[in-house]
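Engineer: Following UniProt numbering, the numbering of the sequence shown begins with 1 at its first residue and continues without gaps.
Let me begin by handing over the structure; questions about it come next.
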Amino acid sequence: MATLYFLLCAILILQVGRACDVHAEEDLHTGDFLVKNYEMIPEVWNAHRYHPIRPLLSDYNNLYESRTPFTRPPLDVINPFKKYLFKSDAEEENTQAENRFILGLFNNRFPSANTWRPLANLPNRFPISYNPNFNNPYTPGSCMSPSGESGICTPGSVCSLFGGRPRSSCSFGKVCCINSITSCSGTVTLNNTYWQSPSTGVSAPSTCVLKVRPVANKVVEPLQKPICQIRLDFVSFTTAQPAAGTCTDTFTVTGTTTIAPTICGENGGQHMYLDVPSSSLTPTDVQLIFNFVPGMATRSWNIKIALLPCGATYLAPADCLQYFTAASGRVKSFNWQDVAGTATRQLNNQNYNICFRTELVSSQRATQMCLSICAVANGGDAFSITTPTGTDAATAAAAVVTATTNLANARTTLTNAQATLATAQTTLANAQTALTTAQETVTTTQATLTAAQNALVTAQAAVPVAEAALTTAQGALTNAQTTLTTAQGTLTAAQAALVTAQTDLATANAAVVDPANPTAVETAAIAAAQAVVDAAQIVVNDAQAAVTTAETAANTAQTDVNNAQTALTNAQTAVTDAQTTVDTAQIAAVNAQTAATDAQTAVDTAQTDVNNAQVAVTDAQTAVTTAQAALTAAQIAAANAVASAAALSGVGTSAIVNGVNTATCLYDFLLIAGARDSTNVEADRYCGNALNPATTPVATSVPVCISVKPFKMTYRTDGTEGAVAAGVNVLPAPADSGNVGFCLDYQEK
């Protein structure tokens, strides 16, 4: 066992000794090892390589003012890279003795050329905060909650001690502690703290002040270095809009070496980097101050405050208020929003630098950065910085734009009029076809009505005939019934006589004394009675035949009556049906006539529309001709204005207006050193209503690219949207309003 302990101690000493190798590629400073080896950010940028490339001229002031044909005080612009915070080689050698034991252990934990690591799992027993899913490179102890909030990894008891909210787990039993302040006062000492507007609302007038104490909290973050920079992320930010560019509600920052501009309005998604004196030397409280004036404007905010340690490779260069570390993205001036309207959103008294880290693009360091206006979807203006409108050249250029727009509108009107004419002609043709069809329908329905009326007359004529036939049949039936009655009476009388004769015959037979030997008298009486019976029988037979004949005649007469009745009913039904057919045909004829009338009206209306459309086409053609002539005249006037006066462009020149040298892009502008368009036209200052370096103002933005590194822009506005009066070393400038600032997409290449 002793041998094993000895062997482990020897290995430990060897591993610790590896931290003392001078300039070994795998050595790491204790403050940076988590950032570099946990791959929290791509290692594509290093302060030692981030030296300014010499621009076209010696410095920014000369670069800008060399284009200005008059003398004026130089811009108060500081070279943002002359005091960038990075370690010199001497400082690195002096600090390598720190924490060698911990460094030796962590050199086992991370990738290295040495593949034999017997103590690779030993560092897991040391309380180092680590969240492998965290990709926001602020501090080694940072973390991200499931809801997207940034926090710090601390023991749960420490989180509760500082009033934080545990939201997820970190390693070694720690929690991701989310810290927030929701009052108009307080002091921030923890990294990744959120300052949120009070839930009860903000009264006005009032002032909200938050102190930020940029001192590493050793209780919560024991390995944290001194703080040299603060980053503010405006998760949300809404205050009153400016009045003519001047903030009434204000947000200001004090206590930093960075001069932050006063801002207001809508600034969600924006950020600021603020340089502060190193907390290891002269810690100073930074104050974030909201001042609200009376009014009913919505006021709310949620600001994330990150404390950045000295020497970290993700610090922004000094004097860069905004710093972008992606190969592409979007940069906007404060209070720019994609909204329609004429209100001034551009803020006065802006003067800050916007810097871009040089990134790797396709495994090579970017050599240029291109800028273009961002796409708008809600009627906003992507570029509007002090549009000059008071010079002859500007007026003439605006007239060209107006004439071009008018010509385009006239052509659109002509196209629409021609389309309307074509539609009207199609409608007329359809209406004429419908009229022809309606007229044919009238003819057909009229013929049907006539036929129905004729059928009605025929049916009506058949009714009297059927009635007469019925009367005749009924008379014949009556006669037959009378004859039948008479025959039946005769038959009855004959039958009675027959009965009497038979009775007499029976009496005669009964009177014979000796039936075997009747007397002659008896025989004669019987014969006479028999003769009477025979005669009566004949009469009965004849009467019976007469009755049968009469019944047949009566039945026939009844059938004739029934047939006549049926014929009459049929005739009456035919009349009713014919009347219905006539009525239906009459309605169809009326409807057909109405349809024909409507079709004729539609034809007349369509013809009128065609005539009107033809007039509109003629007028539109005349308007196009007039607009073309106006555009030609405006282009000639613009050419004459440009030829007779100094150029009005985005390069920071002056122009002669009524004999007075007038400033252009000298007070409000976006400074992009050496920016060129695709035709290699170059300009440094950009203002007006388009990102375009053309000498003659053009109201169309174009992409511009810069190759001067480090990539940087400066945004500056003066204190007024009104006119600037001439003075000592002050050039006059016309008043302007309705400017909104800028929104640009950038792409490193």
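We treat Cβ as the ideally placed atom computed from N, Cα and C, and that holds for glycine.
(1) For Gly255, I'd like the list of residues in its chain whose CB is within less than 6 Å of its CB, leaving aside the five on either flank, ordered along the chain.
(2) How long is the line joining the alpha carbons of Ala375 and Trp301, rounded to whole angstroms?
(3) With distance defined between alpha-carbon atoms, name the residue in Val339, Gln453, Asn692 and Pro294 nearest to Val702.
(4) If contacts are defined as beta-carbon pairs under 8 Å, then Asn353 and Leu321 qualify, I think. What distance do you get, rounded to the angstrom?
(5) To which residues of the same chain is Leu307 closer than 7 Å at the C-beta, ignoring the five residues directly before and after it?
(6) What distance in whole Å lies between the Cβ atoms of Ala529 and Leu505, which are believed to be in contact at a cut-off of 8 Å?
(7) To which residues of the same chain is Thr483 closer than 6 Å at the C-beta, ignoring the five residues directly before and after it?
(8) What residue range is occupied by the uninterrupted beta strand (DSSP E) comprising Gly173?
(9) Please name the residue in Val442, Gln495 and Val547 whose C-alpha comes closest to that of Thr485.
(10) For residue 759 and Gly727, I'd like the C-alpha separation in whole angstroms.
(11) What's the gap between the Cα of Asp319 and the Cα of Pro309?
(12) Quickly, what does DSSP pair Glu748 with across the bridge? List them, please.
(13) Between Ala494 and Ala557, which are expected to be in contact by the criterion C-beta below 8 Å, what is the C-beta distance as a whole number of angstroms?
(14) Going by DSSP, which residues form a beta bridge with Glu467?
(15) Below 7 Å CB to CB, which residues in the same chain sit around residue 787 once its five sequence neighbours on both sides are set aside?
(16) I need the DSSP call for Gln270, collapsed to helix, strand or coil.
(17) From the DSSP secondary-structure annotation, give me the bridge partner or partners of Ile385.
(18) Can you have a look at Gln364 and say buried or exposed, based on whether 16 or more other CB atoms are within 10 angstroms of its CB?
(19) Is it true that the region 338–348 meets the region 243–251, where meeting means three or more beta-carbon pairs spaced less than 8 Å apart?
(20) Cα-Cα, which of Cys665, Ala438 and Ile259 is closest to Gly688?
(21) Taking the alpha carbon of Thr189 as the reference point, which residue from Gln579, Glu522 and Leu161 has its own alpha carbon closest?
(22) Using DSSP with H/G/I as helix, E/B as strand and the rest coil, what is Asp677?
(23) With DSSP as the reference, please indicate the residues paired to Asn302 in a beta bridge.
(24) Any idea if Met369 is buried or exposed, counting beta-carbon neighbours within 10 angstroms, 16 or more meaning buried?
(25) Can you give me the Cβ contacts of Leu411 inside the same chain, cut-off strictly under 6 Å, excluding the 5 residues immediately before and after it?
(26) Is the beta carbon of residue 836 less than 9 Å from the beta carbon of Arg299?
(27) Is the CB-CB distance between Thr427 and Asp609 below 9 Å?
(28) Count the C-beta pairs between the region 456–474 and the region 531–542 that are closer than 8 Å, then say yes if the count reaches three, no if not.
(29) Let me know if Ser333 comes out buried or exposed under the rule of 16 or more other beta-carbons within 10 Å of its beta-carbon.
(30) DSSP on Thr507, reduced to helix/strand/coil?
(31) Determine the contact status of Ala382 and Cys743, defining contact as a CB-CB distance below 9 Å.
(32) Assign Glu440 to buried or exposed, taking buried as 16 or more other Cβ atoms, counted over all protein chains shown, within 10 Å of its Cβ.
(33) Mind checking which residues open and close the beta strand (DSSP E) that includes Gln287?
(34) Run through DSSP, which three-state label would Glu359 get?
(35) Taking only the alpha-carbon atoms, compute the straight-line gap between Thr714 and Asp233 and give it to the nearest angstrom.
(36) Can you tell me whether Thr257 is helix, strand or coil according to DSSP?
Structural biologist: If we stick to the structure as given:
(1) Sequence-distant Cβ neighbours of Gly255 in its own chain, meaning closer than 6 Å and more than five residues away, are Thr284, Asp285, Val286 and Gln287.
(2) When rounded, the separation of the alpha-carbon atoms in Ala375 and Trp301 is 26 Å.
(3) Ranking Val339, Gln453, Asn692 and Pro294 by Cα distance to Val702 puts Asn692 first.
(4) Confirmed, about 6 Å.
(5) Contacts found: Asn191, Pro214, Ile227 and Ile230.
(6) Confirmed, about 4 Å.
(7) Cβ neighbours of Thr483 beyond the five flanking positions: Ala550.
(8) Element bounds for Gly173: n/a, residue is neither H nor E.
(9) The shortest Cα separation from Thr485 among Val442, Gln495 and Val547 belongs to Val547.
(10) This structure gives no information on residue 759, because the portion of the chain shown stretches from 1 to 749.
(11) Linking Asp319 to Pro309 through their CA atoms gives a straight-line distance of about 17 Å.
(12) Beta-bridge pairing links Glu748 to Met369.
(13) With a Cβ gap of about 24 Å, Ala494 and Ala557 do not count as contacting.
(14) Glu467 pairs with nothing; no bridge assigned.
(15) Residue 787 is absent from the model: the chain starts at 1 and stops at 749.
(16) Of the three classes helix, strand and coil, the one that applies to Gln270 here is coil, per DSSP.
(17) In the DSSP output, where bridge partners are listed per residue, Ile385 has Gly688.
(18) Exposed, since its Cβ has fewer than 16 Cβ neighbours within 10 Å.
(19) Yes, they touch.
(20) Looking from the CA of Gly688, the closest CA among Cys665, Ala438 and Ile259 belongs to Cys665.
(21) Each of Gln579, Glu522 and Leu161 was checked against the Cα of Thr189, and the nearest Cα belongs to Leu161.
(22) Coil, per DSSP.
(23) Per DSSP, Gln196 and Ser236.
(24) Sixteen is the threshold: when 16 or more other Cβ atoms of the shown chains lie within 10 Å of the Cβ of Met369, as they do, the residue is buried.
(25) The sequence given here places Arg at residue 411; Leu does not occur at that position. Closer than 6 Å at Cβ, skipping near neighbours: Val624.
(26) Only positions 1 to 749 of the chain appear in the structure, and residue 836 is not among them; the question remains open.
(27) With respect to Asp609, Thr427 sits close: the two C-beta atoms are nearer than 9 Å.
(28) Output reads no: the region 531–542 does not touch the region 456–474.
(29) A buried status is given to Ser333, since no fewer than 16 other beta-carbon atoms sit within 10 Å of its beta-carbon.
(30) Reduced to three states, the DSSP call for Thr507 is helix.
(31) Against a cut-off of 9 Å, the Cβ pair of Cys743 and Ala382 comes out as a contact.
(32) Label assigned to Glu440: exposed.
(33) Val286 to Phe292 is the extent of the beta strand (DSSP E) around Gln287.
(34) Here Glu359 carries a coil assignment [DSSP, helix/strand/coil].
(35) Cα to Cα, the separation comes out at about 20 Å.
(36) In the structure shown, Thr257 sits in coil (DSSP, three-state: anything other than H, G, I, E or B).
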